[in-house]
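Enquirer:
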Amino acid sequence: MLSASVHRLCWAARRQCQRAPPRPADRILVLSAASQSRWASTKSETATATPKRRRKKTDTLPQPSVNLPAPEKWAESFNVKLSTKPLSGRISVSNPETADKLANAFVPEGSKDKVIVEAYPGPGQLTRSLLKLPRERIKKIVLMEPIPGFLEWLKPLEELDDRISVMAVDPWIWSSYDELQEAGHLADVPILDWNAGVHPTLHFIQHLPSIVLGEQLLNQYIRTIPDQHWLYKYGRIPLDMVISARMLQRLTATTQDTNQRGKLGVFREATSVVTTPVPPSELDPYDEHFYPVRKASTSNASKALEDRKAGNPHLALRIMALDEPLIKPKTLETWDYVTRKLFISKATPVSKSIQTLAPGANAILKYLTDPDLPAEQQLDVSKRPQELTVHEWALIVNAFDKWPFRPKHLGIDVDLITTGKIARK
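Letter by letter, the sequence shown follows residues 1 to 425 of UniProt numbering.
Here you go:
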């Protein structure tokens, strides 16, 4: 048997072998002088090096320039999120050939010295196509765009071409048009008599948002026609728009399309005519011409809500104000009141719904059904409001105006009537 002292020595040796390896500080003690120097130098550089930061998505975006990325790269090229409000209805022409086609349709051969106000141009594919047109067609383009991620792709155009001016303003905010004029962008635009024909130079172009915001804008543009406010103070200017097919239905619904017929369609028909400068089939399917491309819906939203989202059919539309609108100057208040009240009961015959205008309003019927009136001034009061033609609406409005007991205060926006500016509510 081994002695106790030998056992103790073996136990001590095993303990020594099981110890952890020496720390770096311990190793330094056994390194050569040169090795110690190199190690210390490396340690110092490591300590003072700038720590790596996580790469953000914006670090990989292409640098904004005069040339836009290929349309299929747009989703990953712009620092813009269009899937959430209030940007969820914003769309832009993305296909360069489509943009060229629209530019030539909006500003055709024969145009000269156009002053174009372009609202919501997005990154500016259509703007670039407009600049490619013969220079004599366009004198100036003023861009109104509020989104920084798009503005940075518009600014290079301003530096490239002296005809471009970029305003970081929102066309939905009515004061933006005051800023447009105060900045002198329209200083050389002549103010023409309403009956002088279509304005030869001033021209408004817009990608109209497909959500409620866009419909509000469209409604307000049309409402400024009778009293010649907004840009209509310069004369009968053309409005060219890229608009959703759903909104066009509401804008042009006839008396046969009672589900879509409403105030917007009546006011449009009473003030303007619409045409399609480019055949709608040439802008279909949506994904081949516009951005953003539509994503498959996973929600249980109603069809009406889904139809307002980007990705539904869009087309080109021109709105031209009539030289003699049925809504005469200073009568917008009455038209608004009468149509608003009667459309509340749009499925009820006028003979019954007329009483919603005011207590005792049944007396108005005598102005509409008197057999001594010429046939064109009589109304079939068995019709429902949604079945009335725009001329029949005019008969009701005129009869309401003749009624001595009509309400004095009709609840229309006072700012619009007195100043031409529309207050947001």
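Yeah, the Cβ is synthetic: ideal placement off N, Cα and C, and Gly gets one too.
To the nearest whole angstrom, what separates the beta carbons of L264 and A316, a pair I think is in contact under 8 Å?
Expert: Not quite, the Cβ-Cβ distance comes to about 19 Å (not below 8 Å), so this is no contact.
Enquirer: Go ahead and pull the three-state DSSP assignment for Q256.
Expert: DSSP places Q256 in coil when its eight states are reduced to three.
Enquirer: In angstroms, rounded to a whole number, what distance separates the CA positions of L213 and E76?
Expert: If you take the alpha carbons of L213 and E76, they lie about 26 Å apart.
Enquirer: State the beta-bridge partners of N67 as determined by DSSP.
Expert: Answer is none; N67 lacks a bridge partner.
Enquirer: When the Cα of V142 is compared with those of R163, K112, F290, which residue comes out closest?
Expert: When only C-alpha atoms are compared, the closest one is R163.
Enquirer: Spell out the partners DSSP gives D240 in its beta bridges.
Expert: DSSP, once it has assigned bridges, lists I205, R318 as partnering D240.
Enquirer: Between the alpha carbons of P280 and P238, how many angstroms are there, rounded?
Expert: P280 and P238: Cα-Cα distance of roughly 19 Å.
Enquirer: Residues in its own chain within less than 6 Å of N219 by CB, not counting five upstream and five downstream?
Expert: Same-chain partners within the cutoff: L264.
Enquirer: Quick one: residues in its chain with C-beta nearer than 6 Å to the C-beta of A253, no 5 flanking neighbours on either side, listed in chain order?
Expert: Excluding residues within five positions, the ones whose Cβ falls inside 6 Å are Q260, R261, G265.
Enquirer: So what's K81 in DSSP terms, helix, strand or just coil?
Expert: In this structure, K81 counts as coil in the three-state DSSP scheme.
Enquirer: Using the beta-carbon count (16 or more within 10 Å), is T389 buried or exposed?
Expert: Exposed is the call here.
Enquirer: When burial is assigned at 16 or more other CB atoms within 10 Å of the CB, is H409 buried or exposed?
Expert: Burial call: exposed.
Enquirer: Within this structure, are the beta carbons of L202 and L208 separated by less than 9 Å?
Expert: Not in contact: L202 and L208 (Cβ atoms no closer than 9 Å).
Enquirer: Quick test of your reading: L326 and A394, contact by CB under 8 Å. State the CB separation rounded to the nearest angstrom.
Expert: Sure, about 5 Å apart at Cβ, within 8 Å.
Enquirer: Can you list, in chain order, the residues of its chain with a C-beta nearer than 8 Å to that of D401? Leave out the 5 residues immediately preceding and following it.
Expert: If we look at D401 and ignore the five residues flanking it on each side, its Cβ neighbours are T331, T334.
Enquirer: Give the secondary structure of L367 by DSSP, where H, G and I count as helix, E and B as strand, and everything else as coil.
Expert: In the sequence as presented, Leu is not what sits at residue 367; that position holds Tyr. The answer is helix: DSSP assigns Y367 an H, G or I state.
Enquirer: Which residues in the same chain have their Cβ closer than 6 Å to the Cβ of I319, if we skip the five residues on either side of it in sequence?
Expert: Same-chain partners within the cutoff: L239, S272, V274.
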